[in-house]
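S.K.: Sharing a structure with you now.
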Amino acid sequence: MLIIENLTKIYDNGFKALDNINLEIPDGQFVSIIGLSGSGKSTLLRCINRLIRPTHGRIIWNDTDITAANEEDVRAIRRRIGMIFQQFNLVKRSSVITNVLQGRLGYTNPLFSFLNYFPRSDRDEALANLERVGIKEQAYKRASALSGGQQQRVGIARALMQRPELMLADEPVASLDPATSHSVMKYLEILNSEDGITVLCSLHFLSLARTYSDRVIALKDGKLMFDGGPQEIDNARFKQIYGEDAVEVQIN
Amino acid sequence: MLTPPTDSRKALRRLLIIIAISVGFLIYSYGWTITDIDLAKPQEPSRQEGVTRALQELLSPNLFDQDTETDIFGAEFRIGCETGDLPAVASAEAGQPMLTLEPACGEPGDRVFFSINGLPVNSRSGLRWVTASGEGRPRDVFETREASRGRNQFVIRSDGSFSGYVEIPRIVGTSGEVHRLELGVVVPIGSPYPSPTLSEVIRRMIETIFMALMATTISIPISVGISFFAAYNLMRPIKMQLGSAMLWLAVVPFGYLLGAWLLTEVMRFTFNIGSFHAFNATPAVISLGVLVGVTAATRATSLQPDTGLARLRQIATRLAAMVVVAAVIGLVGGFGIAGHDGLGDLASRIEPQGNLLSGILNSVGRMIGILGGIVELATPMIAGVIAALMLPGLVNELAKPILRTVTGAVDHAIGAVLGGISGAFAMGAVAAVAMGAALLGLLPVLVGALLGRAAVTGIVNHFFPPPPVFLVTHTGRMVRSLVSLAGALISGYATFRILSVGRTLIDGTLPPVENGSLLGLVTLPTYVLTAMTIGLVLGGVAGGFSGVRGSFAIGDLLYGFTRNILNALRSIEPLIMALIFVVWVGIGPFAGVLALTLHSIASLGKLYSEQIETIDNGPIEALQSTGANHLQTVIYAVVPQIVPPYIAFTMYRWDINVRMSTIIGFVGGGGIGLLLNQYINLLRYNDAGVAVLAIALVVSVLDYLSAAIRERYT
Ligand SMILES: Nc1ncnc2c1ncn2[C@@H]1O[C@H](COP(=O)(O)OP(=O)(O)O)[C@@H](O)[C@H]1O
Ligand SMILES: [Mg+2]
Numbered sequence: 068m069l070i071i072e073n074l075t076k077i078y079d080n081g082f083k084a085l086d087n088i089n090l091e092i093p094d095g096q097f098v099s100i101i102g103l104s105g106s107g108k109s110t111l112l113r114c115i116n117r118l119i120r121p122t123h124g125r126i127i128w129n130d131t132d133i134t135a136a137n138e139e140d141v142r143a144i145r146r147r148i149g150m151i152f153q154q155f156n157l158v159k160r161s162s163v164i165t166n167v168l169q170g171r172l173g174y175t176n177p178l179f180s181f182l183n184y185f186p187r188s189d190r191d192e193a194l195a196n197l198e199r200v201g202i203k204e205q206a207y208k209r210a211s212a213l214s215g216g217q218q219q220r221v222g223i224a225r226a227l228m229q230r231p232e233l234m235l236a237d238e239p240v241a242s243l244d245p246a247t248s249h250s251v252m253k254y255l256e257i258l259n260s261e262d263g264i265t266v267l268c269s270l271h272f273l274s275l276a277r278t279y280s281d282r283v284i285a286l287k288d289g290k291l292m293f294d295g296g297p298q299e300i301d302n303a304r305f306k307q308i309y310g311e312d313a314v315e316v317q318i319n
Numbered sequence: 019m020l021t022p023p024t025d026s027r028k029a030l031r032r033l034l035i036i037i038a039i040s041v042g043f044l045i046y047s048y049g050w051t052i053t054d055i056d057l058a059k060p061q062e063p064s065r066q067e068g069v070t071r072a073l074q075e076l077l078s079p080n081l082f083d084q085d086t087e088t089d090i091f092g093a094e095f096r097i098g099c100e101t102g103d104l105p106a107v108a109s110a111e112a113g114q115p116m117l118t119l120e121p122a123c124g125e126p127g128d129r130v131f132f133s134i135n136g137l138p139v140n141s142r143s144g145l146r147w148v149t150a151s152g153e154g155r156p157r158d159v160f161e162t163r164e165a166s167r168g169r170n171q172f173v174i175r176s177d178g179s180f181s182g183y184v185e186i187p188r189i190v191g192t193s194g195e196v197h198r199l200e201l202g203v204v205v206p207i208g209s210p211y212p213s214p215t216l217s218e219v220i221r222r223m224i225e226t227i228f229m230a231l232m233a234t235t236i237s238i239p240i241s242v243g244i245s246f247f248a249a250y251n252l253m254r255p256i257k258m259q260l261g262s263a264m265l266w267l268a269v270v271p272f273g274y275l276l277g278a279w280l281l282t283e284v285m286r287f288t289f290n291i292g293s294f295h296a297f298n299a300t301p302a303v304i305s306l307g308v309l310v311g312v313t314a315a316t317r318a319t320s321l322q323p324d325t326g327l328a329r330l331r332q333i334a335t336r337l338a339a340m341v342v343v344a345a346v347i348g349l350v351g352g353f354g355i356a357g358h359d360g361l362g363d364l365a366s367r368i369e370p371q372g373n374l375l376s377g378i379l380n381s382v383g384r385m386i387g388i389l390g391g392i393v394e395l396a397t398p399m400i401a402g403v404i405a406a407l408m409l410p411g412l413v414n415e416l417a418k419p420i421l422r423t424v425t426g427a428v429d430h431a432i433g434a435v436l437g438g439i440s441g442a443f444a445m446g447a448v449a450a451v452a453m454g455a456a457l458l459g460l461l462p463v464l465v466g467a468l469l470g471r472a473a474v475t476g477i478v479n480h481f482f483p484p485p486p487v488f489l490v491t492h493t494g495r496m497v498r499s500l501v502s503l504a505g506a507l508i509s510g511y512a513t514f515r516i517l518s519v520g521r522t523l524i525d526g527t528l529p530p531v532e533n534g535s536l537l538g539l540v541t542l543p544t545y546v547l548t549a550m551t552i553g554l555v556l557g558g559v560a561g562g563f564s565g566v567r568g569s570f571a572i573g574d575l576l577y578g579f580t581r582n583i584l585n586a587l588r589s590i591e592p593l594i595m596a597l598i599f600v601v602w603v604g605i606g607p608f609a610g611v612l613a614l615t616l617h618s619i620a621s622l623g624k625l626y627s628e629q630i631e632t633i634d635n636g637p638i639e640a641l642q643s644t645g646a647n648h649l650q651t652v653i654y655a656v657v658p659q660i661v662p663p664y665i666a667f668t669m670y671r672w673d674i675n676v677r678m679s680t681i682i683g684f685v686g687g688g689g690i691g692l693l694l695n696q697y698i699n700l701l702r703y704n705d706a707g708v709a710v711l712a713i714a715l716v717v718s719v720l721d722y723l724s725a726a727i728r729e730r731y732t
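So the protein lines, in turn, are chains X and D. First residue of the first sequence: 68, per this note's numbering; consecutive thereafter. First residue of the second sequence: 19, per this note's numbering; consecutive thereafter.
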């Protein structure tokens with residue numbers, strides 16, 4: 068259970084990116100976060116794994132107060148929270164398998180990292196995870212040699228190495244074409260349904276949110292505008308979230 | 019709102035422009051004068067002659083030599099035609115050139131025609147008149163078509179012939195004697211070989227290239243290490259709890275002493291194992307086994323719940339790591355010495371002595387012997403540094419639960435104690451350095467000012483807690499920094515007065531070395547003790563008011579420190595550094611290597627760190643989000659990204675180092691510059707030409723190579 072209470076983030080320049088957000092997300096949900104660019108989606112996701120320190124409010128996950136944790140506790144918490152990114156954020160010059168193994172760094176003794184050493188079991192698990200996302204045969208290529216969709220799947224495999232209970236996805240398909248987008252979203256859906264991983268996924272397009280999520284959260288200017296089932300978003304709601312001139316488009 | 023400028027404004031602006039131009043002109047003409055620009059000088063005939071000769075010789079480098087012998091061709095001649103027979107014309111062997119005289123007799127002062135054919139083309143030759151008594155005198159030639167090269171030196175024509183008139187020397191009383199005209203022709207024998215100058219230049223050029231190679235390679239690992247500390251994007255996020263930072267400073271000196279005392283034994287022990295001096299395998303294997311076992315036991319996971327057991331394991335890991343590092347360094351040193359002896363032995367047994375293999379063995383042995391020797395000599399220091407770096411972490415691990423939870427008066431009390439101790443140590447350390455030279459006396463003033471600033475900031479923040487960043491107003495920030503600045507100035511000035519830095523600066527008197535005792539425990543110079551007292555007070559106030567809970571931007575501090583040192587070092591030219599190293603280690607390539615190394619460290623450190631600052635931040639964020647720590651993030655997300663630019667910049671630096679090492683010899687730094695300097699001072703421009711040619715060649719080849727390699731990696 069992820070509980071967000073009165074979460075506010077004011078950046079150092081005084082910009083209020085999140086304004087008193089309250090949410091409760093039960094384990095196992097697939098939640099989409101929608102909203103215009105700049106509405107605070109990334110800020111919200113990054114507050115959850117403390118890549119950003121919130122200004123006010125609390126985030127409580129499985130009875131741990133993430134906002135109050137010290138550096139080391141934060142690392143322990145992050146190990147259980149996977150994250151994938153719009154730009155994939157792979158180390159391009161490293162091999163695919165190395166990128167995937169990096170998901171285990173939180174569990175590895177830092178001294179072994181000097182030697183680039185991972186236990187055999189980790190290597191096996193990395194290959195298994197690559198197989199799961201369908202790119203096992205690419206394991207020893209450079210990450211930069213892969214297509215966008217494949218790179219994002221490497222990102223998913225890396226997150227899987229953490230054996231996460233919660234997956235944060237920050238616009239995971241915004242840099243991909245529609246067909247690839249669906250394949251990546253399907254993998255997230257599988258993780259959610261098969262492994263019971265809670266997924267929090269920010270998306271640009273409402274149609275993707277409608278297809279894949281149990282629940283949609285809409286942000287506008289840092290405020291929570293909507294929280295409910297995907298089918299509850301009618302035209303009026305849509306215009307509320309995206310502005311009067313917006314028209315819904317289908318991605319397929 | 020824009021208003022068109024009025025006429026008077028326009029006029030004023032014009033006037034200002036005119037004044038600016040006139041002032042600029044004055045400054046420029048002053049520059050012309052003090053740089054002594056004089057266009058008449060290059061046109062003076064004597065100077066033109068000088069430069070022409072120098073250039074001519076520079077461009078006629080003495081590259082090759084060839085051995086020569088002088089072939090003598092002679093023809094006899096009688097003085098006075100009326101007496102006796104004409105000299106018999108020597109019959110030449112077939113195909114040999116023969117010198118003929120026409121006529122074969124005459125009076126002194128007459129001109130005689132001589133001719134010869136079949137000589138080596140273009141060879142140098144000279145004519146000699148040999149009297150009956152065997153005395154020879156050089157003769158000049160008249161009406162010849164041959165080129166003359168210097169006085170009485172001739173070049174044979176391209177058809178191999180030489181002819182002309184010589185004058186019979188006017189010697190009294192030679193009538194009736196038979197004299198000889200001798201033509202000496204210089205002919206090369208054997209093939210041309212490199213001149214001694216060329217061999218020397220090549221030898222020195224190799225030395226030069228190796229100077230650059232050594233300087234570059236030695237500086238690479240050091241500057242790579244430094245570059246991480248000089249990269250703002252990596253350092254800025256690193257924060258430390260204030261209490262931990264103070265504890266760290268307070269424990270470092272004890273760590274050093276303890277390490278020098280404890281780890282030295284470890285290092286000595288392993289050193290002896292390595293060098294087989296006291297080889298007793300059993301205890302060595304057992305102790306190493308134990309160390310490996312302890313490390314393995316602590317390996318399982320890095321992050322654990324914050325329990326007592328986990329903490330104990332953490333401490334055990336650190337202790338083990340400390341001992342292992344010391345043991346490994348000691349062992350390496352021991353093997354170095356052993357390897358040196360062993361290889362030396364091997365080399366001495368090789369027959370014949372001085373061949374390539376024994377030479378290689380000797381140099382390799384010498385190198386690892388020096389490395390081993392460094393470890394042996396510096397054992398206490400290395401051990402101290404290892405412990406000084408690791409012990410504070412260990413103590414911090416122990417103190418963490420306390421430092422994290424204390425509140426109120428206890429917080430401030432602990433802060434005061436830790437702040438006082440660390441302030442005292444910091445001041446003590448810089449004061450010890452300050453006793454070395456007058457200018458260094460400013461260091462304690464600087465540290466005193468920083469501590470004073472921290473103290474005043476602590477007081478201000480205690481009574482007027484700062485608002486969150488986004489609420490800070492411009493005025494508020496100004497007032498706070500002004501107050502802090504005032505604190506810094508006051509405490510800096512106080513330190514200046516108390517330590518009498520003014521006297522040191524003006525007449526160069528260094529602080530007296532009279533001793534006082536610290537709590538009856540250690541004896542230290544009173545100067546250092548005074549400085550420590552200042553540090554104790556200021557640090558105590560700072561720590562007392564701020565407490566231990568706050569966060570300390572240790573990353574910022576390290577970044578600023580590293581950057582400033584790099585910038586300062588880079589501003590000193592390698593030539594100047596070489597001057598100092600020449601004083602230290604004597605004239606020769608070693609001084610040059612040291613100077614180039616130091617400068618390369620500064621320059622590469624800066625270039626490398628700038629590369630780190632431009633890397634893609636995405637992977638760093640991604641790894642942080644998996645729970646990796648700082649070190650792991652650097653290893654996996656930063657290092658792969660910086661390898662190509664690092665290679666490119668290293669090649670670039672190697673290129674610069676070759677250039678620099680060609681001239682560093684001018685100040686005694688060894689290499690080709692030293693030789694070139696000698697040739698120029700001896701006005702041996704032919705030889706200097708060889709050196710210049712070699713420099714041009716090597717620099718351009720390396721330029722091309724480094725560009726080609728850089729191309730591949732950028
Ligand atoms: N580091 C920062 N400093 C100041 N403002 C920021 C920073 N990061 C983001 N913002 C601002 O916060 C707002 C929300 O950003 P973000 O969470 O990235 O939105 P989204 O992901 O929905 O596009 C944007 O207006 C952005 O300009
Ligand atoms: Mg975003």
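Even for Gly, the Cβ is constructed at its ideal location relative to N, Cα and C. Fair warning: this is a prediction, and the values are worked out from it, not measured in the lab.
Please classify Y46/D: is it buried, with 16 or more other beta-carbons within 10 angstroms of its beta-carbon, or exposed?
M.R.: With fewer than 16 other Cβ atoms within 10 Å, it is exposed.
S.K.: Please list, in chain order, all residues of the same chain as A620/D whose beta carbon is under 7 Å from its beta carbon, the five residues on each side excluded.
M.R.: So the qualifying residues of the chain are L584, L587 and R588.
S.K.: Report whether the distance from the Cβ of E238/X to the nearest heavy atom of ligand 2 is below 8 Å.
M.R.: True, at least one ligand heavy atom lies under 8 Å from that Cβ.
S.K.: Using CA coordinates, which residue listed in V342/D, G348/D, G391/D and A338/D is at the minimum distance from I355/D?
M.R.: If we check each option's Cα against that of I355/D, G391/D comes out closest.
S.K.: Around ligand 1, which residues pass a check of Cβ closer than 6 Å to any of its heavy atoms?
M.R.: Taken from the N-terminal end onward, the list reads Y78/X, N80/X, F82/X, A84/X, G102/X, S104/X, G105/X, S106/X, G107/X, K108/X, S109/X and T110/X.
S.K.: Write down the C-beta distance between I90/D and V130/D rounded to the nearest angstrom, noting that I regard them as a contact closer than 8 Å.
M.R.: Incorrect: roughly 18 Å between the Cβ atoms, too far for contact.
S.K.: Taking Cβ to Cβ, would you say R125/X is nearer than 9 Å to I133/X?
M.R.: Contact flag set, yes.
S.K.: Using 9 Å as the limit for Cβ to Cβ distance, is T122/X near chain D?
M.R.: So, interface residue.
S.K.: For T118/D, which of helix, strand or coil comes out of DSSP?
M.R.: It is a strand residue.
S.K.: What residues in the stretch 191-214 of chain X have a beta carbon less than 7 Å from any beta carbon of chain D?
M.R.: Answer in chain order: no residues at all.
S.K.: Taking the straight line between their C-alpha atoms, what separation do you get for L276/D and V270/D?
M.R.: Going by the C-alpha atoms only, they are around 10 Å apart.
S.K.: Got a sec: does ligand 2 put a non-hydrogen atom nearer than 8 Å to the Cβ of S269/X?
M.R.: Answer for S269/X: yes, Cβ within range of ligand 2.
S.K.: Identify the continuous alpha helix (DSSP H) that holds S376/D and give its terminal residues.
M.R.: That run of the alpha helix (DSSP H) goes L374 to T423.
S.K.: Using CA coordinates, which residue listed in R567/D, A655/D, M408/D and S176/D is at the minimum distance from L337/D?
M.R.: With distances taken between Cα atoms, L337/D lies closest to M408/D.
S.K.: Between M669/D, Y664/D and P637/D, which has its C-alpha nearest Y654/D's C-alpha?
M.R.: Answer by Cα proximity: P637/D.
S.K.: So is C99/D buried or exposed if we call it buried at 16+ other beta carbons inside 10 Å?
M.R.: With fewer than 16 Cβ atoms within 10 Å of its Cβ, C99/D is classed as exposed.
S.K.: For P79/D, count the other beta carbons within 10 Å of its own beta carbon; 16 or more makes it buried, fewer makes it exposed. Which is it?
M.R.: When all chains shown are included, P79/D counts as buried.
S.K.: Can you tell me which of the three DSSP states N135/D falls into?
M.R.: Correct three-state label for N135/D: coil.
S.K.: How should V788/D be labelled, buried or exposed, when 16 other C-beta atoms within 10 angstroms of its C-beta is the threshold for buried?
M.R.: Here chain D comprises residues numbered 19 to 732, so residue 788/D is not present and cannot be evaluated.
S.K.: Which residue from L700/D, V716/D and F667/D puts its Cα closest to that of I238/D?
M.R.: It is F667/D.
S.K.: Look at the alpha carbon of G12/D and the alpha carbon of S217/D, and state the distance between them as a whole number of angstroms.
M.R.: The question about residue 12/D has no answer, for chain D in this structure spans 19 to 732.
S.K.: Quick one: does the C-beta of Q153/X sit closer than 8 Å to a heavy atom of ligand 2?
M.R.: Yes.
S.K.: Report yes or no: is there a C-beta of chain X within less than 9 Å of the C-beta of R422/D?
M.R.: Cβ-Cβ to chain X under 9 Å: yes for R422/D.
S.K.: Applying a beta-carbon distance threshold of less than 9 Å, which residues of chain D neighbour F181/X?
M.R.: Within 9 Å Cβ-Cβ: L649 and I653.
S.K.: Check V490/D in the structure and name its three-state DSSP category.
M.R.: V490/D falls in the coil class under three-state DSSP.
S.K.: Please report how far the alpha carbon of T319/D lies from the alpha carbon of G411/D, in whole angstroms.
M.R.: Interpretation of T319/D is limited by its pLDDT of 47, a score under 50 that renders its predicted location unreliable; the figure taken from the coordinates is listed afterwards. Each residue's Cα considered, the two are about 19 Å apart.
S.K.: To the nearest angstrom, how far is it from the Cα of R498/D to the Cα of V478/D?
M.R.: Roughly 8 Å between the two C-alpha positions.
S.K.: Quick one, which residues of the stretch 627-646 of chain D are near chain X if we go by CB-CB under 7 Å, in chain order?
M.R.: Correct list: G636, P637, E639, A640, L641, Q642, S643, T644, G645 and A646.
S.K.: At the 9 Å Cβ level, is P239/X part of the contact set with chain D, yes or no?
M.R.: So, not an interface residue.
S.K.: Just checking: is the beta-carbon of L375/D within a distance shorter than 9 Å of some beta-carbon in chain X?
M.R.: No, L375/D lies away from the interface with chain X (no Cβ there is under 9 Å from its Cβ).
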